[in-house]
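Taking it in order: structure first as structure tokens, then the write-up.
Number of protein chains: 2
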Amino acid sequence: MKLSHYFLPTLRQAPSDADTISTKLMQRAGLIRKVTGGLYEWLPFGLRALKNVEQIVREEMNAVNGQEVWLPIVHPKNLWEETGRWNQYGKELLRFKDRKDAEFCLAPTAEEVITDLVRNEISSYRQLPVFLYQFGTKFRDEIRPRFGVMRSREFYMKDGYSFHADEKDAENFYQKAFTAYQNIFKRCGLKFRPVEAETGAIGGSFSHEFMVLAETGENEIAYCSCGYAANSERAECAPPSPPPPEPSQPLQEVHTPNAWTVEDVAKLLKAAKEKFLKTLFYMADGKPIVALVRGDHELNENKLMRHLGSKKLEKATDKEYEQIAGCPVGFAGPVGLDGRASLLADLAVQTVFNGISGANKKDYHLKNINRDRDYRPAQFVDLHVAAPGDRCPRCQKPFQFCRGIEVGHTFKLGTKYSQSMKATYLDAEQHSKPFIMGCYGIGVSRVVAAAIEQGNDENGIIWPASIAPFQVQLIPIESEDSKIKEAVEKLYQGLQKRNISVLLDDRSERAGVKFKDADLIGTPLRITVSSKTIEKDSVELKRRSSKELQMIPLNQCPDFVDTLLHEMLK
Amino acid sequence: MKLSHYFLPTLRQAPSDADTISTKLMQRAGLIRKVTGGLYEWLPFGLRALKNVEQIVREEMNAVNGQEVWLPIVHPKNLWEETGRWNQYGKELLRFKDRKDAEFCLAPTAEEVITDLVRNEISSYRQLPVFLYQFGTKFRDEIRPRFGVMRSREFYMKDGYSFHADEKDAENFYQKAFTAYQNIFKRCGLKFRPVEAETGAIGGSFSHEFMVLAETGENEIAYCSCGYAANSERAECAPPSPPPPEPSQPLQEVHTPNAWTVEDVAKLLKAAKEKFLKTLFYMADGKPIVALVRGDHELNENKLMRHLGSKKLEKATDKEYEQIAGCPVGFAGPVGLDGRASLLADLAVQTVFNGISGANKKDYHLKNINRDRDYRPAQFVDLHVAAPGDRCPRCQKPFQFCRGIEVGHTFKLGTKYSQSMKATYLDAEQHSKPFIMGCYGIGVSRVVAAAIEQGNDENGIIWPASIAPFQVQLIPIESEDSKIKEAVEKLYQGLQKRNISVLLDDRSERAGVKFKDADLIGTPLRITVSSKTIEKDSVELKRRSSKELQMIPLNQCPDFVDTLLHEMLK
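Residue numbers (this note's numbering), protein chains in the order written: chain A, 1 to 570; chain B, 571 to 1140.
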């Protein structure tokens, strides 16, 4: 491609609403433009990267016997009603009516449609397993679209669905898909980590997220040198170490006017947050539940819900809180609550001696609260969001933490969808059984952004060679010189003949401008041809990721670059 | 691909609502499945054909310097308001609100979004021309989705948009795009005809449709051996030949109780339909207009609208009709109407002597109406839908007629969009000018259906080699025989090594079943290996399009097939 005819509008300054490095660079380097909140246009340069990722994903899906299909983006209500998701799914599911007032949604995911297809077409265990996948536009009506294409409303996704006759085959395939996902992100040149994750609106028995590691990631990951890693909203914590012994002090009521947050009361009483017992009120399937966590911890609602086995968990309203606690919001504590609601405590609460909490009385707190003597929870369970100080559930070593961008998510769905949709096959004994399912998503457009979030410096993008829009940027200096012109044209042809993608900067710009643009758009290899290099029958080669310059003989250049790229793609 | 592991569900019977040959065959041969009215799933076999068409289109678009982009499918209202199309477009434009009550539509076309992009990014004539195109899902909320994927609600389309600094460049490029379109449909192996067409909801100064010829096509085409061809709703007609002289008879009122259609009155009076003057009432931009056409012709509203230069043309209501004609609906005629409304007559009306029409009086008609003596239209113009008997506007030869399926449509848009959206560039003299635009669509999913509508017999599909999901179907008979097994595996590898796509029917089915399925799914070349062929160190080759069987030596087979396919793709 010749740059003079290429629609690659670059910007000196990113738009003011660009909120991450990748969003800024994707706009500055002419990959995308914003139509309106959460809706983007992919320009030719960006689309090349997107297609490169797509092709890698396609190859790895085909390698595990994936068969590509293409499903509609508009789904009818009736299928989503069969699984109950029409009502369960939040407002991210954009619902609308057609001209005949029939109801539809814009698909954020396609379990219903694919299960409907398979239940109609597959009737025998002999036709199993089958793994179908597609690439396509997905839509989620995000309340606050942000981070450019990373949390946009429309995005480009690969979603795959596997159907199996038994658990063992489903688990085996899950492992294969897991490995395929690792291959994909490796081939995309990303530093990533698969982690255990919550199943969310998709559901199922367990799931893994594939996280591209980046400080700006939306997700926090708890991980351990033993190999355990999980989204911190999912991570289990080992029971806390036994605390140093502390003699029990008598319970004491203290006046705390206008102070009810842990922060404010801790300041007032000059106490550490770890000394506090946070008392939280919920309604689980309509029944009140009180959860206790240590003052420095956050309650993990997923853990609470899973422990209770409840379908719907909501924070209690102020009114409900006051009815249970018998005091205004902010002054509740465990002492005396036992009889009024079911009381569950986090494991770490066991480490609190002579603790502090509300007195169930306006403007008063209690000091020196001790369990058994002052309160008695129904159970101690793991309820808090993993945090520094917590330890690995497998090996008890302290967790380390990092941040990541979720680019893929695999789910062991089990029979969640097949049961509700009566999607069954006949086994060898002619018994009707629900399909065992798995589902496997990759945010293809998000991978492009994540790669940039991970690969950049102050001058612009640094692409992994495998997904770079072009692999080589060919830059003639003083391009009017016929010798330079001829050498460049020959190189341009020679590289392309070797299936190397080349962007030729044939503009009549100064060397400085060309170099700056090449840095901004981040092409992995830069080849410069000038009168200086031509004198030596050579070209100057530079990697975007290094400052080193290398002189290569002109006639060896295409082969040299070919070999180098093969190495870079390993 | 091995058929035993391929998700290719075939049907003996098409679903009862399949209304065309292609819809039946696409479902029977496992290309598509219906989710609900107008929404289809593309299964692996169908998607391969779709992707083959896509790739041909992409190559030809790139050959005329097209640059691929990817635009959202959800468009914000404000852009569609700038061009007025938010209100003008009918109910096919699906409009909806997001969670914040902002209004959007599902894009049936993308002129607004692309013009917005280009006006933001291109400011100088030096950056022109630019031609951007995309592949993507389009949505039209059809009132009556039908013909499978040919008139579905969701469909897969290539839409391209070109921007030029002047008319000459726009016209030159239009011609290039026109040629590219011809290349595309030729390469897809289709019999087609480009025809002049109406511009419809897209607008612009002129347009061409690319019609795949098929008896079941929705469109009628008028064409001539001189090369002229047009959608019959667009076709101009040469002025009719002067009629044989006929002496003028005295005007005569006849009683025609309960007869008001041309058919009924013609029967009653034993007169030919060609003798009638049909009198039609319209409101053009709110003003009444009366149009006269011959009894055997249909009025072409597009022609009437274009002649009047009106923006809105509607049939008069019964009330308006009665007010103008002074009689009940069905009994109006031209005699005496001249003063009451503007009267326009079709050119063919000139050929009617001693004609028949309503008497503007309930239950009465007039015989022997002659122009000048009895009525005097403001003008005679070409107003009727081209029909048998009409002649070519270029060479006056009689039209021939055929039917077609519209698979592509090119528009010379001019400044329709750039002017309303204030999309301008600076010319060499620093004057601000609106872009001159063209737009170019191809219904990629419709091409697949049209190819099947054109290529089939009683046994199934007959694919053109260029878009066939697989080029070769390899069929072992008695496949347990180790010699056959070995030969087939070698062939399978050898063909694939030559980039030939092969479907290997490795099922343990009888020869008859395999042949029947091969005919149904229509793979261009069938290669059979059996003990009989192996005895002679040969395979049996058969083209889907012929009954002929050919024996080919086993070891020459891959090269032979390679050469044959190259010929078939020419």
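Beta carbons are placed, not taken as given, at the ideal position from N, Cα and C, and that holds for glycine.
A contact between stretches requires three or more CB pairs, one per stretch, nearer than 8 Å, and the region 980 to 990 of chain B meets this requirement with the region 674 to 693 of chain B. Contacts with chain B at 9 Å (Cβ-Cβ) do not include A/Arg-446.
Between B/Thr-769 and chain A, the shortest Cβ-Cβ separation is not below 9 Å.
Between the region 995 to 1014 of chain B and the region 738 to 748 of chain B there are three or more C-beta pairs closer than 8 Å, enough to call the two in contact. In this structure, DSSP gives B/Glu-823 an extended state, which the three-state scheme calls strand. Pairwise C-beta distances place the region 347 to 364 of chain A in contact with the region 248 to 261 of chain A, as three or more of them are shorter than 8 Å. Linking A/Met-283 to B/Arg-665 through their CA atoms gives a straight-line distance of about 38 Å.
In the DSSP assignment, B/Tyr-995 falls within the beta strand (DSSP E) that extends over 994 to 996.
As computed with DSSP, B/His-778 is found in a beta bridge with B/Glu-766, B/Thr-980.
With contacts defined by Cβ atoms closer than 9 Å, A/Ala-359 and A/Cys-327 form a contacting pair. In this structure, A/Phe-45 lies near A/Ala-29, with their beta-carbon atoms less than 9 Å apart.
Rounded to whole angstroms, the separation of the alpha carbons of A/Leu-50 and A/Ile-467 is 8 Å. Along the region 630 to 651 of chain B, going in chain order, the ones with a CB nearer than 7 Å to a CB of chain A are Asn-635, Gln-637, Glu-638, Val-639, Trp-640, Leu-641, Pro-642, Ile-643, Val-644, Pro-646. The beta carbons of B/Gly-706 and A/Thr-137 sit closer together than 9 Å. Under the DSSP definition of a beta bridge, A/Cys-439 partners with A/Tyr-161, A/Phe-411. Residues of the region 947 to 981 of chain B with a Cβ closer than 9 Å to any Cβ of chain A: none.
Here the region 73 to 84 of chain A lies against the region 94 to 111 of chain A, with 3 or more beta-carbon pairs under 8 Å apart. Contact with chain A is absent for B/Gly-909, since none of that chain's Cβ atoms lies less than 9 Å from the residue's Cβ. By the Cβ-count criterion, B/Met-1121 is exposed, with fewer than 16 other Cβ atoms from all chains shown falling within 10 Å of its own Cβ.
Pairwise C-beta distances place the region 771 to 782 of chain B out of contact with the region 913 to 930 of chain B, as fewer than three of them are shorter than 8 Å.
In the three-state scheme derived from DSSP, where H, G and I count as helix and E and B as strand, B/Met-571 is classed as coil. By the 16-neighbour rule on beta-carbons within 10 angstroms, B/Asn-1069 is exposed. In this structure, the straight-line span from the alpha carbon of A/Gln-249 to that of A/Ala-170 is close to 56 Å. Residues of the same chain with a CB within less than 8 Å of the CB of A/His-297, apart from the 5 flanking positions on each side, are Lys-278, Asp-346, Ala-348, His-384, Val-385, Ala-387 in chain order. A/Leu-280: member of the beta strand (DSSP E) spanning 277 to 284, first to last residue. DSSP places B/Cys-675 within a strand segment (E or B) once states are collapsed to three. Here B/Gln-583 is exposed, its C-beta having fewer than 16 other C-beta atoms within 10 Å. For the C-beta of A/Trp-42, the chain B residues within less than 7 Å are, from N- to C-terminus, Val-639, Trp-640. Within the region 89 to 117 of chain A, the residues whose Cβ lies closer than 7 Å to any Cβ of chain B are, in chain order, Lys-91, Leu-94, Phe-96, Asp-98, Arg-99, Val-113, Leu-117.
Taking 9 Å as the threshold, the shortest C-beta distance from A/Val-130 to chain B falls below it. Boundaries cannot be given for B/Gly-608, as no beta strand (DSSP E) includes it and DSSP labels it neither H nor E. Counting the other Cβ atoms within 10 Å of the Cβ of B/Asn-622 gives 16 or more, which makes it buried. For B/His-575, the number of other beta carbons within 10 angstroms of its own is below 16, and it is reported as exposed. With respect to chain B, the C-beta atom of A/Phe-470 has no partner C-beta closer than 9 Å. Check the Cα spacing between B/Glu-1023 and each of B/Tyr-1062, B/Glu-785, B/Asp-1051: the tightest is with B/Glu-785. Here B/Ala-677 really is in contact with B/Phe-709; their C-beta atoms are around 7 Å apart, less than 8 Å.
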